[in-house]
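A.B. asks:
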Amino acid sequence: MIAENVECADSYLRKVRGLMLRRTFKDTALVFPFKKETVVRIHMLFVFFPIDLLFLNKSLQILDLATLKPFIGYRSSKVPVSFVIELPAGTIREAGLERGTNIEFRS
1 MIAENVECAD SYLRKVRGLM LRRTFKDTAL VFPFKKETVV RIHMLFVFFP IDLLFLNKSL
61 QILDLATLKP FIGYRSSKVP VSFVIELPAG TIREAGLERG TNIEFRS
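Number 107 marks the last residue of the sequence shown (the UniProt record's numbering); no jumps.
(1) Select from E104, K15, E7, F71 the residue whose C-alpha is nearest the C-alpha of A29.
(2) Go ahead and pull the three-state DSSP assignment for E94.
(3) Does DSSP classify R75 as helix, strand or coil?
(4) Taking C-alpha atoms, which residue in E86, F49, A89 lies nearest to residue 164?
(5) Around the C-beta of G90, are 16 or more other C-beta atoms found within 10 angstroms, so that it is buried, or is it exposed?
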């Protein structure tokens, strides 16, 4: 398990806001679903803590992953993706995630 709590950024406004202006982010995954595969760009402007990013295809397979620094981090998915998951920094290392790993959502 990579996160106890899951939030879904399922509206345009939630996708735009993301983690901006939050002060904490623990034991949570913020999932960005996209109706069609698209190249996604993530910035860290007004995000006060580092995060881990997962870029997933429609089969929930990790295509790319990254750790971004507060305020100055930026990453593009480079290829079209169906999901982006933002996680607390260190989750990638702790969970042993790598390209090709499949993610599963449970309720």
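Every residue gets a Cβ at the ideal spot worked out from N, C-alpha and C, and that includes glycine.
C.D. replies: Result, derived from the coordinates:
(1) As a position in the sequence shown, residue 29 is number 29, starting the count at 1. Closest option to A29, judged by alpha-carbon separation, among E104, K15, E7, F71: E7.
(2) To locate residue 94, count along the sequence shown from 1; it is residue 94. In this structure, DSSP gives E94 a helical state, which the three-state scheme calls helix.
(3) Mapped onto the sequence shown, residue 75 falls at position 75. In this structure, DSSP gives R75 an extended state, which the three-state scheme calls strand.
(4) Here the chain comprises residues numbered 1 to 107, so residue 164 is not present and cannot be evaluated.
(5) For the purposes of this step, residue 90 is identified with residue 90 of the sequence shown, where counting begins at 1. G90 sits exposed, since fewer than 16 C-beta atoms from the chains shown fall within 10 Å of its C-beta.
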